[in-house]
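A.B. asks: Sharing a structure below in structure tokens format, with a few things to ask.
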Amino acid sequence: MEKFRKITDTAVPLPIENIDTDQIIPARFLKSTDKQGFGDNVFRDWRYDHEGNKNPDFVLNDPTYSGSILVAGDNFGCGSSREHAAWAIAGYGFKVVISSFFADIFKGNALNNGILPIQVTPEYLKDLLQTIKEKPETKLTVDLENQILSSPAGELEFEIDPYKKVCMINGYDDIDFLISKKDKIEAFERERSF
Amino acid sequence: MAGKTLFDKVWDAHVVDTVPNGPQVLYIDKHLIHEVTSPQAFSELEERGIPVARPDQIVATADHNTPTVDQHLPVRDLLSRNQLKQLTENCEKHGITLYGLGHKYNGIVHVMAPELGITQPGMTMVCGDSHTSTHGAFGTIAFGIGTSQVAQVFASQCLLLTKPKSLRVNVNGKLKPNVLPKDVILYVISQIGTNAGTGYFCEYAGNVFEEMSMEGRMTVCNMSIEMGARGGMIAPDQTTFDYVKGREFAPESAEWEQKLEYWKTLPTDADAVFDKEYSFDAADIEPMVTYGTNPGMGIKVTGRIPDKDDVNLEKALAYMNFKKGESLIDKPINYVFIGSCTNSRIEDFRIAANYVKGKQKAANVNAWLVPGSQQVAKQLVEEGLDKVFTEAGFALRQPGCSACLAMNDDKIPEGEYCVSTSNRNFEGRQGQGARTILASPLMAAATAVAGKITDITKQLN
Ligand code: SF4
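Line order of the protein sequences matches chains E and D.
FYI, the numbering for the first sequence is 20 to 213, going by my numbering.
FYI, the numbering for the second sequence is 56 to 516, going by my numbering.
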């Protein structure tokens, strides 16, 4: 996993609520057996019409907006457990997703793929979306070490599980940690009484 | 000290270690895998030179991306065929039991594991599929995981997790006739919304769940994820024990007695406190349909679509081509799907067959029946239900996830409505531009016969 410390970049606004994993990556693109190439199909059915033409109204096709930070509506990533959704977001080049609420499984999948989900208040989100809309060149700074998100909408301290923070900053993952617990796991297996 | 919940008891019994101020290492008893979310996890292990820790605690099936016709022939779609081949190779290489396409135990992962007795009370179970919550019907902690976590369980038989908060949904009273478990859960989600459960593990309690069959409890727990909860559980009781006993992988004789004693200690203590609680009166529930693009957008079939200013509602209605304040009764429907891990068990087909018997499906309707497993398919024939359906003009297909997620060829065409017994009505879920209306197997059968949405409350009382 790539290390994550601090990012300053412009953001892409996607003010839709309840964006589900079927929207992020439709099931027909899940036939691949590796993690590559999902970014090409992120938000596929919003980005392209049936003939594969770009939908000019969708924000990813609008040259006004760009950057590695996605700012999305409430309850982002609900639906299925497909990690392909996180691979698609990462594959497209997003490193941070900001929303007022994240679905559990997506949040975990994002963190396991070096994407930082930042939860903000609904009011902050509204202001932030407004700011980006009015001034697409607005830069946001995400400082993971100090857990600070700064934007013209204000400075905000965000939460992250302390263990996950260490993992992201150092580029570690859970597998290394779990394997280091091998003895304890084996002892547990021997002693369990049910 | 306050008592423990069912969830606490099962969770606490599986904690291997606790990271100070951090997550816990939770031991996983059973790991179910399928072709779509496992290949990248196997590759990850291979790249890092890590072996699969406990292959005997893993069971594999092929279900998401399999055809539901001509399963004896090679799979036509090249990518799908490759995905299935990889699953087979990975299972062979690592010594994992696989119930592949055509095997007598093959089926949707959440249908086949309970019916084989793999799912047992008090266990922890995971699968790279969000509807793993289904197994909670047995008093099991069961939840969906991402592919990175699949790799973690492969590597260690454990997961690093933060214990979720507790939520209880109580439904008490007497259900009206023709109100099925699917209606109960669609009603609950329509009342509390699609993220009320996020961060929580849910327990369903009250006489309505106590009186439900195991099949019904599985339908309810299946949809826990649709209210945002990682999983849902129902306390194991005599109904649970009777269901598990004698199944292929259920414990026997002395081991059975010992486990039974333990399972009986699992129900939530009377003085346990939940972080959040909701209560509903069973008498308020009626047959449900959804009108929008998330499972929380549901109304009683006799009800009307809400009429309020809300951009999300407007976006959903634009997709569904419905209007605010409208009733869905008499809406013409051309597709009906009875299947998915929510409603493809034998009980669901019995209910549908009982309604369909002696009737004919409407000419405009394509009615797809997809049993959840080979065992359900076999039972359909043994009980003569296949004849009831084929005589009525329904198409009986072979087991799999099918039109629930439309990864294979079973797609609903653009713009068409489908009354579906599955669990998600997201945009494009059943095919690009397809419009899904979630309902019970009874509502689905009635729709297929009428060719339009009908008020079954009137018809059947
Ligand atoms: S039937 Fe649908 S919800 Fe169930 S496991 Fe298959 S795809 Fe997932």
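From the three backbone atoms N, C-alpha and C, an ideal C-beta is built for every residue, glycine too.
May I have the straight-line CA-CA distance separating Lys-218(D) from Lys-64(D), to the nearest angstrom?
C.D. replies: Between Lys-218(D) and Lys-64(D), the C-alpha separation is close to 12 angstroms.
A.B. asks: Indicate the three-state DSSP secondary structure (helix, strand or coil) for Asp-464(D) in the structure shown.
C.D. replies: Coil.
A.B. asks: Alpha carbon to alpha carbon, how far is Tyr-346(D) from Ile-388(D)?
C.D. replies: Distance between the alpha carbons of Tyr-346(D) and Ile-388(D) is about 13 angstroms.
A.B. asks: Taking the C-alpha atoms as reference points, what is the distance between Gly-155(D) and Gly-254(D)?
C.D. replies: Those two C-alpha atoms are separated by around 34 angstroms.
A.B. asks: Since Thr-52(E) contacts Ala-104(E) with CB under 8 angstroms, what's their CB separation in whole angstroms?
C.D. replies: No, Thr-52(E) and Ala-104(E) are not in contact; Cβ-Cβ is about 17 angstroms, not under 8 angstroms.
A.B. asks: Here's a check: name, in chain order, each residue in its chain whose Cβ is nearer than 6 angstroms to the Cβ of Leu-49(E), leaving out the five neighbours to either side.
C.D. replies: Excluding positions up to five away in sequence, the list reads His-103.
A.B. asks: I'd like the list of long-range same chain contacts for Gln-415(D), defined as Cβ closer than 8 angstroms, with 5 residues on each side in sequence excluded.
C.D. replies: Excluding residues within five positions, the ones whose Cβ falls inside 8 angstroms are Ala-447, Gly-448, Val-504.
A.B. asks: Going by CA-CA distance only, name the one from Lys-442(D), Ile-406(D), Asp-364(D) that's closest to Gly-271(D).
C.D. replies: Closest option to Gly-271(D), Cα to Cα, is Ile-406(D).
A.B. asks: Tell me the DSSP secondary structure of Gln-138(E) in three-state form.
C.D. replies: Three-state result, Gln-138(E): strand.
A.B. asks: Pick out whichever of Val-391(D), Glu-437(D), Asn-137(D), Met-288(D) has its Cα sitting closest to the Cα of Ile-467(D).
C.D. replies: The option with the nearest alpha carbon to Ile-467(D) is Val-391(D).
A.B. asks: If I'm right that Trp-318(D) touches Pro-176(D) with Cβ under 8 angstroms, what's the distance once you round it to whole angstroms?
C.D. replies: That belief holds up - the Cβ atoms of Trp-318(D) and Pro-176(D) are roughly 4 angstroms apart, short of 8 angstroms.
A.B. asks: With a threshold of 7 angstroms between beta-carbons, can Asp-17(D) be considered close to chain E, or not?
C.D. replies: Missing from the structure shown is residue 17(D); chain D here goes from 56 to 516 and no further.
A.B. asks: Which residues in chain E sit within 8 angstroms of Gln-206(D), going by Cβ to Cβ distance?
C.D. replies: Checking the sequence, you will find Ala at residue 206(D) rather than Gln. Ordered by position in chain E, the residues that pass the 8 angstroms Cβ test against Ala-206(D) are Ile-194.
A.B. asks: Does the Cβ-Cβ distance between Ala-501(D) and Ile-492(D) come in under 7 angstroms?
C.D. replies: Their beta carbons are not under 7 angstroms apart, which means Ala-501(D) does not touch Ile-492(D) by this criterion.
A.B. asks: For Ser-93(D), is the beta carbon positioned less than 6 angstroms from some heavy atom of the ligand SF4?
C.D. replies: The answer is no for Ser-93(D).
A.B. asks: For the stretch 199-212 of chain E, enumerate the residues whose C-beta is nearer than 9 angstroms to any C-beta of chain D, in chain order.
C.D. replies: Within the stretch 199-212 of chain E, the residues whose Cβ lies closer than 9 angstroms to some Cβ of chain D are Lys-200, Lys-201, Lys-203, Ile-204, Ala-206, Phe-207, Glu-208, Arg-211, Ser-212, listed in chain order.
A.B. asks: What would DSSP say about Met-498(D), mapped onto helix, strand or coil?
C.D. replies: Looking at Met-498(D) - three-state DSSP - the assignment turns out to be helix.
A.B. asks: With H, G and I counted as helix, E and B as strand and the rest as coil, what does DSSP make of Gln-175(D)?
C.D. replies: Of the three classes helix, strand and coil, the one that applies to Gln-175(D) here is coil, per DSSP.
A.B. asks: Would Val-80(D) pass as an interface residue toward chain E - the criterion being a Cβ-Cβ separation below 7 angstroms?
C.D. replies: Closer than 7 angstroms: yes.
A.B. asks: Ordered along the chain, which non-local residues of its own chain (more than five positions away) have a Cβ less than 8 angstroms from that of Val-70(D)?
C.D. replies: The residues are Gln-79, Val-80, Leu-81, Tyr-82.
A.B. asks: Listed from N- to C-terminal order along the chain, which residues in the stretch 124-138 of chain D have their beta-carbon within a distance smaller than 7 angstroms of any beta-carbon of chain E?
C.D. replies: Flagged, chain order: Leu-134, Ser-135, Asn-137, Gln-138.
A.B. asks: What residue range does the beta strand (DSSP E) around Ala-197(D) cover?
C.D. replies: Note, Ala-197(D): beta strand (DSSP E), 196-199.
A.B. asks: Fully enclosed by the stretch 298-368 of chain D, which alpha helix (DSSP H) runs are 4 residues long or longer?
C.D. replies: List check, alpha helix (DSSP H) in window: 308-318.
A.B. asks: Are Ala-450(D) and Gly-486(D) touching if we call contact CB-CB under 7 angstroms?
C.D. replies: No; because the gap between Cβ atoms is not below 7 angstroms, this pair is not in contact.
A.B. asks: Can you list the residues of chain D that Ser-118(E) reaches, using a CB-CB cut of under 7 angstroms?
C.D. replies: The premise fails here: Ser-118(E) is roughly 11 angstroms from chain D at the closest Cβ pair, so nothing lies under 7 angstroms.
A.B. asks: Please go through the same chain and pick out, in chain order, the residues whose beta-carbon is closer than 6 angstroms to the beta-carbon of Glu-332(D), but skip the five residues on each side of it.
C.D. replies: Around Glu-332(D): Arg-223.
A.B. asks: Quick check on Asp-123(E): does DSSP put it in helix, strand or coil?
C.D. replies: Helix at Asp-123(E).
A.B. asks: Using beta-carbon positions only, say whether Ile-151(D) and Pro-110(D) come within less than 7 angstroms of one another.
C.D. replies: Yes, the pair counts as a contact, with Cβ atoms nearer than the cut-off.
A.B. asks: Taking 7 angstroms as the CB-CB cut-off, is Phe-481(D) touching chain E?
C.D. replies: Output row for Phe-481(D): interface = yes.
A.B. asks: Using beta carbons (cut-off 7 angstroms, strictly below), is Leu-197(E) in contact with chain D?
C.D. replies: Chain D contact via Cβ: present.
A.B. asks: In the DSSP output, what is Thr-491(D) paired with across the bridge?
C.D. replies: DSSP output for Thr-491(D) lists Cys-473(D) as bridge partner(s).
A.B. asks: What is the DSSP secondary structure of Leu-215(D), counted as helix, strand or coil?
C.D. replies: In this structure, Leu-215(D) counts as strand in the three-state DSSP scheme.
A.B. asks: Nearer than 6 angstroms: is that true of the beta carbon of Asp-339(D) relative to any heavy atom of the ligand SF4?
C.D. replies: Not so, every heavy atom of the ligand SF4 lies at least 6 angstroms from the Cβ.
A.B. asks: Buried or exposed for Gly-353(D), going by 16 or more other Cβ atoms inside 10 Å?
C.D. replies: Its Cβ being crowded by 16 or more others within 10 Å, Gly-353(D) is buried.
A.B. asks: Mind checking which residues open and close the alpha helix (DSSP H) that includes Asn-546(D)?
C.D. replies: Only positions 56 to 516 of chain D appear in the structure, and residue 546(D) is not among them; the question remains open.
A.B. asks: Determine the contact status of Ala-192(D) and Ile-289(D), defining contact as a CB-CB distance below 7 angstroms.
C.D. replies: Yes.
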